[in-house]
Amino acid sequence: MTQANDHEQAIMVGINLKGSRPLLNMEDSLSELALLADTAGMEIVGQVTQNVGKIDPATFVGSGKVDEIKDTVLATGAKVIVFDDELSPRHQRELEEQFGENVKVIDRSALILDIFAQHARTREGALQVELAQYEYRLPRLTRMWTHLARQSGGAGGRSGSGGVGLRGPGETQLEVDRRDIRRRISKLKEELEHVREHRSRHRSQRERTGVPLVALVGYTNAGKSTLLRALTGADVYIANQLFATLDPTTRRVEFPSGRQALVTDTVGFIQKLPTTLVAAFQATLEEIREADIILEVADVNHPNVLQHLETVEDTLAEIDVPPVPRILVWNKIDRWAGGELPKPENAADYVAQVSVSATQNVGLEALLGAVESALKTALQRTKLLIPYERGDVSSLLHETATIEKQEHTPEGVLLTVRLPHDLYERFKEYRV
């Protein structure tokens, strides 16, 4: 995988496969790829496109198009060729053979992984990126990929597994590297399991307090981090580029009623997100699965905003997010020219749609009101009989639940309350 230097010159290759129905057309997808390349520190100096009826089994694009790409490389002096679609291991090997050792061949997945490696700022993020990189590299291992496990990892700067060791009889360097990478993958999965257990303990503590969790999701660069800062006043990193935020950030927000919630911002989504990346980030994405409310943040001005929302929906389905209330947040409304807002096909799936400008603090009160209203509707109504000697339980319920009615009986305090599901289960012993 490339570790892009500043202004490393590259050309893009995109195809339009007849009969396919991609979320973005080839032109828009290549425009997005150019933004990814810029984020990775590359300079796009040319592009080659092709309409095809089927993918060439050897070189992805066919021998004639390979010759055209070679001519473009010579004309531009590019050192990197970036394919907009994920290349199979066979395509990777064939193309590397065609273009030689002086030109790097990468695909969209490799480029995204490279960006993630650059942006991972915590140990957890570094572990997740490194795992995704090795999972991606293993089936593509060739001579130009050897000695990877002994290099310092692109994610977090850690060394590999401590050296390859002695080579067995007749064992090639590739076999040694494959074995070493598999060992490193196993180690990374063990470390990430510890991360998952740590997150689980934190979630248990949160559930005991009853503080609801609101998750921000959205296409990359939709403004989620800016919205988090606007809602909570948190000092979070913000940049106008793809995947500026990688590591999850959680902050506390207070509603107009005085009630509080936690708001967490996770990695942005993008079309053609590498499956290895989704798998590696399960520990982080679990935060979304545990949320009580999901805010889907969308850049209302983007020409492909409906396709972006579809990508978000597909990714949420891929990680098995439960059917919790979702609010659609049209961000950057201060730049909106007016007229009707875009209409998603699944508009009925949202409990509310709110227009905001996170940079201008417009619409934030309406958004907080919509979130609090959604939290109330998501509560379960029940009656609890709390013994008088359990005043601590009564106090906790007054802090975390909606108390509709309170009666004093000989056995204890009879409360009619609305509870979120996790607290509903916790207090089941007091139900009447």
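Numbering (numbering that gives the first Met the number 0), first residue to last: 0 to 431.
Note that the Cβ used here is the ideal one computed from N, Cα and C, for glycine as well.
- In the three-state DSSP reduction, valine 175 falls in the helix class (H, G or I).
- With fewer than 16 other beta carbons inside 10 angstroms of its own, histidine 197 counts as exposed.
- Residue environment: isoleucine 180 is assigned as buried (16 or more neighbouring CB atoms within 10 Å of its CB, all protein chains considered).
- CA-to-CA, the gap between glutamate 31 and alanine 377 works out to about 37 Å.
- Collapsing the DSSP output to three states places glycine 63 in a helix.
- Glutamine 172 sits exposed, since fewer than 16 C-beta atoms from the chains shown fall within 10 Å of its C-beta.
- A Cβ-Cβ separation of about 5 Å places arginine 334 in contact with asparagine 300 under the 8 Å criterion.
- Our two residues, threonine 415 and arginine 20, have alpha carbons roughly 52 Å apart in a direct line.
- Restricted to the stretch 183-229, not a single alpha helix (DSSP H) segment is unbroken, complete and at least 4 residues in length.
- Taken in chain order, the unbroken stretches of alpha helix (DSSP H) that lie wholly in the stretch 35-108 and span 4 residues or more are 62-75, 88-98.
- Comparing C-alpha distances from valine 412 to each of Glu364, Thr358, Glu398, Tyr429 shows the shortest one belongs to Tyr429.
- Of the residues assessed, proline 322 falls on the exposed side of the cut-off, its CB having fewer than 16 other CB atoms within 10 angstroms.
- Taking each of Leu140, Val81, Val60 in turn and checking the Cα distance to glutamine 46, the smallest one comes out for Val81.
- Residue pairing for leucine 16: DSSP places it in a beta bridge opposite Val51.
- Using a 10 angstroms sphere on the CB of lysine 271, the tally of other CB atoms reaches 16 or more, which defines it as buried.
- For a cut-off of 8 Å, the C-beta gap from alanine 279 to leucine 86 is around 19 Å, too long to register as a contact.
- Glutamate 286 counts as buried, since at least 16 other C-beta atoms from the protein chains shown sit within 10 angstroms of its C-beta.
- Nearest neighbour of valine 128 by Cα position, chosen from Ala282, Arg200, Lys103, turns out to be Ala282.
- Every unbroken stretch of the alpha helix (DSSP H) spanning 4 or more residues and falling wholly within the stretch 274-302 is given here in chain order: 274-279, 281-288.
- Rounded to whole angstroms, the separation of the alpha carbons of arginine 89 and glutamine 8 is 25 Å.
- Cβ neighbours of glycine 61 within its own chain (closer than 6 Å, five residues either side excluded): Asp55.
- Leucine 94 is classed as buried because its beta carbon has at least 16 other beta carbons within 10 Å across all chains shown.
- Taking the Cα of leucine 363 as reference, the smallest distance to any Cα among Ala229, Thr248, Gly63 is reached at Ala229.
- As DSSP reads the structure, arginine 325 sits in a beta bridge with Ile293.
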